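Heads up, the thing below is written out as structure tokens.
2 protein chains.
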Amino acid sequence: MIDFTLDPVSGVPFYKQIIDQIRFGISRGNLKTGEQLPTVRSLAVQLQINLNTVSKAYKELEIQRVLETQQGTGTFIGAEPVRIAPEEAREKLRSICSEFLSITSCYGFTVEEIIVELKMLKGKK
Amino acid sequence: MIDFTLDPVSGVPFYKQIIDQIRFGISRGNLKTGEQLPTVRSLAVQLQINLNTVSKAYKELEIQRVLETQQGTGTFIGAEPVRIAPEEAREKLRSICSEFLSITSCYGFTVEEIIVELKMLKGKK
DNA sequence: TACAGTGTACTATTTGTATAGTACAATAGT
DNA sequence: ACTATTGTACTATACAAATAGTACACTGTA
Numbered sequence: 000m001i002d003f004t005l006d007p008v009s010g011v012p013f014y015k016q017i018i019d020q021i022r023f024g025i026s027r028g029n030l031k032t033g034e035q036l037p038t039v040r041s042l043a044v045q046l047q048i049n050l051n052t053v054s055k056a057y058k059e060l061e062i063q064r065v066l067e068t069q070q071g072t073g074t075f076i077g078a079e080p081v082r083i084a085p086e087e088a089r090e091k092l093r094s095i096c097s098e099f100l101s102i103t104s105c106y107g108f109t110v111e112e113i114i115v116e117l118k119m120l121k122g123k124k
Numbered sequence: 000m001i002d003f004t005l006d007p008v009s010g011v012p013f014y015k016q017i018i019d020q021i022r023f024g025i026s027r028g029n030l031k032t033g034e035q036l037p038t039v040r041s042l043a044v045q046l047q048i049n050l051n052t053v054s055k056a057y058k059e060l061e062i063q064r065v066l067e068t069q070q071g072t073g074t075f076i077g078a079e080p081v082r083i084a085p086e087e088a089r090e091k092l093r094s095i096c097s098e099f100l101s102i103t104s105c106y107g108f109t110v111e112e113i114i115v116e117l118k119m120l121k122g123k124k
């Protein structure tokens, strides 16, 4: 279970914020395989946004195999994480990290600061 | 001097990303008083975005007295230094790292793997 | 003066986000 | 079978962000 929250002034689209929170919730173990997510209608009411916005987030995550939806039943956390070949994964990790560092360096953050933050986010519940 | 970078998938408007990077650059001392920024045209070419988008960022910062523009000459860092509250910096770091983690977790990478990769990339340069 | 480089201003257009409303389809429980 | 609940699909609308193109104004320099 997750407490969804939206930041309307961040500039990040609502549906992307929802996507992020679900993916992050899975990675931290707050959302477990098979667990049911709020219905599109209930989450829309809770966040005071439109039904279609929630639907868009769920749909995109379903395409990415992160979620599994059953019409008439609900939306659930997918079974297995996508498997990638080790070499490809390594290259992917490198490119993502590299891009990440270039962005953080624009803000002047040091690698040490970043690592501290990452560890903190990982431990957070 | 700063290496500007845009994250097109973050959902944050380009002009806001530019504003942020300039503000943080000043706050961290990477941009000093009186220093000339890239021209609107050159930065637009560099970031592969439109001239008007860069102009919008510069204009907003000029209103905030962060930048000083002289038509026909260029755009420069204003006299009064920008001070970014520690909480804002922390929040920025947190949001960037959070988004980063949500992406990496999608590929199944652990925080430990990521940290190893970041340290390796840091040592490379 | 002439010119190159700078920022500015404006209109038009496209794209993405979000809302609103409605209708339909699949499922579970009774 | 019926009903409630779930996800899906579609059209229309509004707004912001970004692009594209063009023209203009100011500055420094040759």
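Protein chains in written order, with numbering that gives the first Met the number 0: chain A, 0 to 124; chain B, 0 to 124. Note that CB positions come from ideal geometry on N, CA and C, so glycine has one too. Treat the numbers as computed from the prediction; the structure is a model and nothing was measured.
Neighbour list for V11(A) in chain B, Cβ cutoff strictly below 9 Å
In chain order: S9, G10, V11, S94 and E98.
Cut-off 7 Å between Cβ atoms - residues of its own chain near A56(B), not counting five sequence neighbours on either side
Around A56(B): Y14, I17 and I18.
What does the alpha-carbon distance come out to for the pair K91(A) and Q69(B)?
Across the structure, K91(A) and Q69(B) are spaced so that their CA atoms are roughly 44 Å apart.
Taking the DSSP output, what are the residues bridged to L66(B)?
I76(B), per the DSSP bridge assignment.
Which of helix, strand or coil does DSSP assign to Q45(B)?
If DSSP states are grouped into helix, strand and coil, Q45(B) belongs with the helices.
Between G73(A) and T38(A), which are expected to be in contact by the criterion C-beta below 8 Å, what is the C-beta distance as a whole number of angstroms?
The Cβ separation is near 6 Å, so the contact holds.
Beta-carbon of V110(A) versus every beta-carbon of chain B: anything under 7 Å?
By this cut-off, V110(A) is an interface position.
Grab the span of the alpha helix (DSSP H) containing Q20(B) for me, first residue to last.
Counting along the chain, the unbroken alpha helix (DSSP H) around Q20(B) starts and ends at F13 to S26.
Just the chain A side, please: which residues come within less than 9 Å of Y57(B) by C-beta, in chain order?
The premise fails here: Y57(B) is roughly 16 Å from chain A at the closest Cβ pair, so nothing lies under 9 Å.
Suppose the cutoff is 6 Å on Cβ atoms and the five residues either side in sequence are ignored; what does the same chain contact list for E61(B) look like?
Take E61(B), set aside five residues on each side of it, and the residues of its chain with a beta-carbon closer than 6 Å to its own are T68, in chain order.
Give the straight-line distance between the Cα atoms of A84(A) and E79(B), rounded to the nearest whole angstrom.
Straight-line Cα distance between these residues: approximately 52 Å.
Whose Cβ in chain B lies nearer than 8 Å to the Cβ of S101(A)?
Within 8 Å Cβ-Cβ: D2 and T4.
Just mark R40(A) as buried or exposed, buried being the case when its beta carbon has 16 or more other beta carbons within 10 Å.
Burial call: exposed.
For G126(B) versus P12(A), is the C-beta distance shorter than 7 Å?
This structure leaves residue 126(B) out entirely; chain B is present only between 0 and 124.
Tell me which same chain residues have a C-beta within less than 6 Å of the C-beta of T52(B), skipping the five on either side of it?
Cβ neighbours of T52(B) beyond the five flanking positions: F13 and Y14.
Buried or exposed: where does G33(B) fall if 16 or more other Cβ atoms within 10 Å of its Cβ makes it buried?
When all chains shown are included, G33(B) counts as exposed.
Within-7 Å CB hit, Y106(B) to chain A:
Yes, Y106(B) lies at the interface with chain A (some Cβ there is under 7 Å from its Cβ).
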